[in-house]
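Mind the numbering: the sequence shown is residues 1 to 126 in UniProt numbering, read in order.
No residue lacks a Cβ here, since even glycine has one placed at the ideal position from N, Cα and C.
Treat the numbers as computed from the prediction; the structure is a model and nothing was measured.
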Amino acid sequence: MGKPKSPRALPDNEAKAVARMLRVSPQKLNLVASLIRGKKVDSALADLTFSRKRIAGDVKKTLQSAIANAENNHGLDVDDLIVSEAHVGKAFVIKRFHARARGRAGRIEKPFSNLTVVVRQVEAKA
């Protein structure tokens, strides 16, 4: 006897993927995440493929993971998926110091962030 399975947090027509500890500031990551919010997944993947932002590759991998989760784990149709949510959160910040003039130190902050992508299956409009 084990503990009962916890109920699913998302509705049956949604799937998600989470990328943690991405080495970019949340503000910069949110710029890329806002590119794909509310779009169909094939359009969002095309936008991320041709984006010039460095972090767009990691966002694309997370979106592809959410699509794979929807297809394999929940049996959703890939052609009817849209990006319903793409939200960004702060992780931790590594602090470093850089030597400056006259014995002083300049603080350098290296922020990390988390990304959550939720895809939803919508009915195809006929």
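Starting from the N-terminal side, write out each stretch of the alpha helix (DSSP H) that is 4 residues or longer and does not extend beyond the segment 90-114.
If one requires a minimum length of 4 residues, no alpha helix (DSSP H) run lies completely within the segment 90-114.
Is A19 buried or exposed, if buried means 16 or more other CB atoms sit within 10 Å of its CB?
Reading the sequence shown from its first residue, position 19 is the one you call residue 19. Buried is the call here.
Please list the segments of the beta strand (DSSP E) lying wholly inside the segment 31-99, counting only runs of 3 or more residues, in order along the chain.
81-99
Same chain only: Cβ atoms within 7 Å of T49, ignoring 5 sequence neighbours per side
Within the sequence shown, numbered from 1, the residue matching residue 49 stands at position 49. Within the same chain, T49 has close Cβ partners K60.
Close Cβ partners of K91 (< 6 Å) along its chain, the five nearest in sequence each way excluded
Locating residue 91 in the sequence shown gives position 91, counting from the first residue. What sits at residue 91 in the sequence shown is Ala, not Lys. Excluding positions up to five away in sequence, the list reads M21, F112, S113 and N114.
Taking DSSP as the reference, what is the three-state secondary structure of K3?
The residue given as residue 3 occupies position 3 in the sequence shown. Residue state, collapsed to three classes: coil.
Looking at C-alpha atoms only, which residue of T62, N13 and P7 is the closest neighbour of A33?
The residue labelled residue 33 in the question sits at position 33 within the sequence shown. Among T62, N13 and P7, the Cα nearest to that of A33 is on T62.
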